[in-house]
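Residue numbers (the numbering used here): 15 to 447. We put the beta carbon where it would ideally sit given N, CA and C, even for glycine. Here is the structure we will look at, set down as structure tokens.
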Amino acid sequence: MLQTPVRKIKDNAHYGWAIFSLAFTNLAVEGGIKNSAPVLFHALRVNFDRSAFTTSAIFSVGGLTGAIVAPLVGNLLDRLGPRYLFPAGGLVILLAFLASSFVSDLWQLFIFYGVLVAVGETILSSFTATAVLAPWFPQSRGRILGFADAGNPLGQTIFVPLSQLMILTIGWRGTLRVLGPIFFLLAAPANFFFQRRPPQKSNLIDERANGSYQTPAEAGGSLDPAPVFEDHRARHESFRRILRGAPIWCLVSARTLAALGHQMTILHLVAFFVASDYTAMQAASTIGAVGLISMGGRPLTGALSDFVGRELIYTVGMGMQVAGILTVLVLGDGDSFWPLALFVGLTGLSDGIAGLAVGAKAADLFPSSNLGSVMGIVQSGRGVGIMAGPMLGGFLYDKQGDYMMAFSLAVVMISVAVAFMWGARITGGKGKY
């Protein structure tokens, strides 16, 4: 009885949509982990009674770990394919969350959360999603990446308020024991059964909404997770040429500075709002609301980037993030609700543009056979920003007693990132590198 409707779906399917669904779910997991960090930061700081600098260093170690392992993850993605790599990421997250929930001192979290969680999150992050998904939709990659990237704010919308609520009811340890299995079940089984390699010649893929069903092999994707060894030398030489060019390093710099500015603010956002006399639940709900708005903002900006260019969308988005930071910094007083609402609108509509535009630009410039490795290098820049941003923000708070200097410096970093994004346009143009 069920075979008829299932067959109808298959007869009108393009297998890239299966990959899209998997990418969306992976990014929901990443969004849940990454954006719950401010809630966990506040809980750990209170529980262990440590300084903002020391507590934020846990998440900085995560950034350092991501910067180190991202090129390796990208290389493994090109060599082994996503079918086994992504479930392995889900398993690492499960084990890391469970181990973190049993620690007896803060330093142990540097290992289990700062290192292991970061490894799992890096495997399931936006750069691997971009590398796997973009080749399936060569004519509309900005729109598709934007819609897939909406999974990240969906995870933020669900898991940030949920994490805060669970921390208030069952504590941060119990929260980790609940979230770990949830993230594993979302990431591992579906990727193992349905994930496939991206096609090597993406320009030949038919993106028809209605057409005959294509298997992964027919669509250009590979069922075989084993690497194609005869292509390894050519891929290696191509990657070396890419590394000698300026465009990739402009993208790395843009990703690094944007992440640095973002992490100087986002990790400390709950603590900032609490210091401004808002409640912790109001702060967590604000971050969740940003994710809710971003679910519409990311597909919109992704689609617009296909028409007006990655650089212009990036510039507008970063400008909105700067405006959001300045709004809460200058006008957030604990009594007025409208600064929070304005922050939610500005940040929600621009959230994720840094990764989305850079990833789409990389897919524009570089071949799919090297895209995993390229995005791994770009992701390492993001990891540097995630490493330095939280500690720098915490250090400035401990020295100044408020977040004025930290948030102001974040504005400068984000502004410079825009210049590097335009540098990628100038040095690389629009076509394949």
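Nearest CA to the CA of residue i: which residue from the options?
{"i": "Leu159", "options": "Ile400, Phe253, Trp436, Phe34", "result": "Phe34"}
{"i": "Gly30", "options": "Met405, Ala145, Gly80", "result": "Ala145"}
{"i": "Leu54", "options": "Leu179, Pro149, Leu78, Ala37", "result": "Leu179"}
{"i": "Gln296", "options": "Arg211, Leu283, Gly194", "result": "Leu283"}
{"i": "Phe197", "options": "Leu112, Pro149, Leu271, Ile280", "result": "Leu112"}
{"i": "Arg254", "options": "Asn384, Thr279, Leu406", "result": "Asn384"}
{"i": "Met278", "options": "Ile428, Ile82, Ile184, Met334", "result": "Ile428"}
{"i": "Phe287", "options": "Pro52, Gly156, Ala32, Glu44", "result": "Pro52"}
{"i": "Ala42", "options": "Gly408, Phe206, Leu199, Val344", "result": "Leu199"}
{"i": "Gly46", "options": "Leu190, Gln414, Pro149", "result": "Leu190"}
{"i": "Phe351", "options": "Ser118, Thr300, Ile327", "result": "Thr300"}
{"i": "Leu354", "options": "Leu314, Asp378, Gly302", "result": "Gly302"}
{"i": "Ser394", "options": "Ala132, Gln414, Ala202, Ala71", "result": "Ala132"}
{"i": "Leu456", "options": "Pro152, Asp92, Ala71", "result": "Residue 456 lies beyond the stretch modelled for the chain, which goes from 15 to 447, so this question has no answer here."}
{"i": "Gly310", "options": "Asp412, Phe161, Pro203", "result": "Phe161"}
{"i": "Leu91", "options": "Leu410, Ala143, Asn40", "result": "Ala143"}
{"i": "Asp365", "options": "Phe321, Ile327, Ser177", "result": "Ile327"}
{"i": "Ala248", "options": "Gly188, Ser382, Asn40, Arg59", "result": "Ser382"}
{"i": "Asp119", "options": "Ala81, Leu147, Arg59", "result": "Arg59"}
{"i": "Thr448", "options": "Leu36, Val192, Ile125, Ala57", "result": "Summary: the structure shown does not reach residue 448, with the chain confined to residues 15 through 447, and so no result is reported for it."}
{"i": "Val117", "options": "Val344, Ile256, Arg187", "result": "Arg187"}
{"i": "Phe207", "options": "Trp436, Leu379, Leu36", "result": "Leu36"}
{"i": "Ser252", "options": "Phe380, Leu182, Asp412", "result": "Phe380"}
{"i": "Tyr292", "options": "Gly331, Trp263, Leu345", "result": "Leu345"}
{"i": "Ala285", "options": "Asp412, Pro203, Ile82", "result": "Asp412"}
{"i": "Trp436", "options": "Leu406, Leu306, Ser267", "result": "Ser267"}
{"i": "Ile406", "options": "Leu182, Ile82, Ile280", "result": "Before going on, a small fix: residue 406 reads as Leu here, not Ile. If we check each option's Cα against that of Leu406, Ile280 comes out closest."}
{"i": "Val322", "options": "Arg157, Pro195, Ile82", "result": "Arg157"}
For residue i, which beta-bridge partners are listed by DSSP?
{"i": "Arg3", "result": "As displayed, the chain neither begins before 15 nor continues past 447, which places residue 3 out of reach and without an answer."}
Given a cut-off of 8 Å on the beta-carbon distance, is the pair residue i and residue j in contact?
{"i": "Arg269", "j": "Arg396", "result": "yes"}
{"i": "Ser74", "j": "Met401", "result": "yes"}
{"i": "Asn49", "j": "Val129", "result": "no"}
{"i": "Gly399", "j": "Gly77", "result": "yes"}
{"i": "Thr69", "j": "Ala260", "result": "no"}
{"i": "Ala374", "j": "Ser319", "result": "yes"}
{"i": "Gly362", "j": "Ser308", "result": "yes"}
{"i": "Phe357", "j": "Gly386", "result": "no"}
{"i": "Ala368", "j": "Ala272", "result": "yes"}
{"i": "Ala110", "j": "Tyr98", "result": "no"}
{"i": "Val304", "j": "Gln170", "result": "yes"}
{"i": "Gly134", "j": "Ile172", "result": "no"}
{"i": "Phe67", "j": "Gly408", "result": "yes"}
{"i": "Trp150", "j": "Pro96", "result": "no"}
{"i": "Gly333", "j": "Leu370", "result": "no"}
{"i": "Val425", "j": "Val336", "result": "yes"}
{"i": "Arg155", "j": "Ala377", "result": "yes"}
{"i": "Ala420", "j": "His56", "result": "no"}
{"i": "Asn40", "j": "Ala148", "result": "no"}
Could you tell me if residue i is buried or exposed, where buried requires 16 or more neighbouring beta carbons within 10 angstroms of its beta carbon?
{"i": "Glu325", "result": "buried"}
{"i": "Ile23", "result": "Residue confidence for Ile23 is low, a pLDDT of 39 falling below 50, so the modelled location carries little weight; the figure read from the coordinates is stated next. Ile23 should be labelled exposed."}
{"i": "Val342", "result": "buried"}
{"i": "Ser226", "result": "Residue confidence is low: Ser226 scores 39 on pLDDT, short of 50, so the model does not pin down where it sits. Its coordinate-derived value is still stated next. By the neighbour-count rule (16 or more Cβ atoms within 10 Å), Ser226 is not buried but exposed."}
{"i": "Leu360", "result": "buried"}
{"i": "His250", "result": "exposed"}
{"i": "Met418", "result": "exposed"}
{"i": "Arg439", "result": "buried"}
{"i": "Phe38", "result": "buried"}
{"i": "Leu265", "result": "buried"}
{"i": "Thr229", "result": "Here the model assigns Thr229 a pLDDT of 45, short of 50, so the residue's position is not dependable, and the following value carries that caveat. Per the 10 Å Cβ criterion, exposed."}
{"i": "Arg258", "result": "exposed"}
{"i": "Trp121", "result": "exposed"}
{"i": "Arg222", "result": "Residue confidence for Arg222 is low, a pLDDT of 49 falling below 50, so the modelled location carries little weight; the figure read from the coordinates is stated next. Under this definition Arg222 is an exposed residue."}
{"i": "Gln5", "result": "Outside the modelled stretch of the chain, which goes from 15 to 447, sits residue 5, for which no answer is possible."}
{"i": "Gln153", "result": "exposed"}
{"i": "Ala298", "result": "buried"}
{"i": "Asp25", "result": "Reliability of the predicted coordinates at Asp25 is poor, the pLDDT of 44 falling under 50, and no value is obtained from them."}
{"i": "Thr329", "result": "buried"}
Looking at chain B, is there any beta carbon in it that lies within less than 8 Å of the beta carbon of residue i?
{"i": "Phe55", "result": "Checking the listed chains, one finds no chain B in this structure; it contains a single protein chain."}
Item to check | Given 8 Å, three or more beta-carbon pairs between the stretch 123-142 and the stretch 93-108 | outcome: yes
Checklist entry - Can you find at least 3 beta carbon pairs, one from the stretch 82-95 and one from the stretch 386-394, that sit closer than 8 Å? => result yes
Next on the checklist: Tell me whether the stretch 165-179 and the stretch 61-74 touch, counting them as touching only if at least three CB pairs, one residue from each stretch, are closer than 8 Å.
Outcome noted: no
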